[in-house]
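> All residue numbers in the sequence shown are consecutive under my numbering, ending with 213.
Would you mind keeping the following structure in view while I ask a few things?
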Amino acid sequence: MNLKDFTGVEYINLITYKKDKTPITTPVWVADFSNSLVITTSLNAGKVKRVRNNGQATIYITNQSGSKKLSESIDLKASLIEDVDLKKQAADLIRKKYGMMAKMIMKGPDENRAIIRLEEKGGEK
Numbered sequence: 089m090n091l092k093d094f095t096g097v098e099y100i101n102l103i104t105y106k107k108d109k110t111p112i113t114t115p116v117w118v119a120d121f122s123n124s125l126v127i128t129t130s131l132n133a134g135k136v137k138r139v140r141n142n143g144q145a146t147i148y149i150t151n152q153s154g155s156k157k158l159s160e161s162i163d164l165k166a167s168l169i170e171d172v173d174l175k176k177q178a179a180d181l182i183r184k185k186y187g188m189m190a191k192m193i194m195k196g197p198d199e200n201r202a203i204i205r206l207e208e209k210g211g212e213k
């Protein structure tokens, strides 16, 4: 599997890693964004801290609750989008994809949300 296999997927499990390499799995919404995937979360979410400390992530397709593994896993590079315009573009894509549910969950200013970009590690296609 590669990143293209996740195009259009509704839910993924995002696995981020603590400093001691302990994996933490979270089901999240995902949107396609310029040869990468993006997810949104609260700025104070644990996954934001983990991405800042360790840019390693693993994803696989899952159901809404995150209880079923529906694909192989792939390892990716995770980073926070800091650019205000790019954050807005990514948040708008998530709102468009998930409609009213996203509008309810993502209320409030975008500056209170983090956007995590998931990209293939260097050299992978």
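Backbone N, C-alpha and C define an ideal beta-carbon position, used for all residues, glycine too.
It should be emphasised that the depicted structure is a prediction, and the values quoted were computed from it without experimental measurement.
Give the C-beta separation of T114 and L102 to the nearest angstrom, bearing in mind that I take them to be a contact with Cβ-Cβ under 8 Å.
For the purposes of this step, residue 114 is identified with residue 26 of the sequence shown, where counting begins at 1. For the purposes of this step, residue 102 is identified with residue 14 of the sequence shown, where counting begins at 1. Confirmed, Cβ separation roughly 5 Å.
> In this structure, does DSSP put E170 in helix, strand or coil?
If you number the sequence shown from 1, residue 170 lands on position 82. In the structure shown, E170 sits in coil (DSSP, three-state: anything other than H, G, I, E or B).
> Which complete beta strand (DSSP E) runs does the segment 98-133 hold, if anything under 3 residues is left out?
99-105, 111-117, 125-130
> Return yes when the Cβ of G143 is within less than 8 Å of the Cβ of S167, no when it is not.
Sequence index remark: in the sequence shown, residue 167 carries index 79 (1-based). Sequence index remark: in the sequence shown, residue 143 carries index 55 (1-based). Yes, they are a contact pair.
> For M89, which residues in the same chain have their Cβ closer than 7 Å to its Cβ, ignoring the five residues on either side in sequence?
For this step, residue 89 is matched to residue 1 along the sequence shown. Cβ neighbours of M89 beyond the five flanking positions: S159, E160, I162.
> In terms of alpha-carbon separation, which member of L206, R205, R183, I204 lies closest to K195?
For the purposes of this step, residue 195 is taken as residue 107 along the sequence shown, with counting starting at 1. That would be R183, whose Cα lies nearest to the Cα of K195.
> Just the C-alpha distance for G187 and L181, rounded to the nearest angstrom, thanks.
For the purposes of this step, residue 187 is taken as the residue at position 99 of the sequence shown. For the purposes of this step, residue 181 is taken as the residue at position 93 of the sequence shown. In a straight line, the C-alpha of G187 is about 10 Å away from that of L181.
> Flag this pair as yes or no: are the beta carbons of V126 and I203 separated by less than 8 Å?
Sequence index remark: in the sequence shown, residue 126 carries index 38 (1-based). Sequence index remark: in the sequence shown, residue 203 carries index 115 (1-based). Yes, the Cβ-Cβ distance between V126 and I203 is below 8 Å.
> Where does T128 land, buried or exposed, given buried means 16+ other C-beta within 10 angstroms?
Counting from one through the sequence shown, the residue named residue 128 turns up at place 40. With 16 or more other Cβ atoms within 10 Å, it is buried.
> Starting from L206 and walking both ways along the beta strand (DSSP E), at which residues does that stretch end?
For the purposes of this step, residue 206 is identified with residue 118 of the sequence shown, where counting begins at 1. Element bounds for L206: 201-207.
> Using the C-alpha atoms, what's the distance from T110 back to K185?
Working through the sequence shown from its first residue, we reach residue 185 at position 97. Working through the sequence shown from its first residue, we reach residue 110 at position 22. Approximately 31 Å, taken between the alpha carbons.
> Restricting to Cα atoms, I'd like to know which of G210, K137, D120, M189 is closest to Q177.
Reading the sequence shown from its first residue, position 89 is the one you call residue 177. Among G210, K137, D120, M189, the Cα nearest to that of Q177 belongs to D120.
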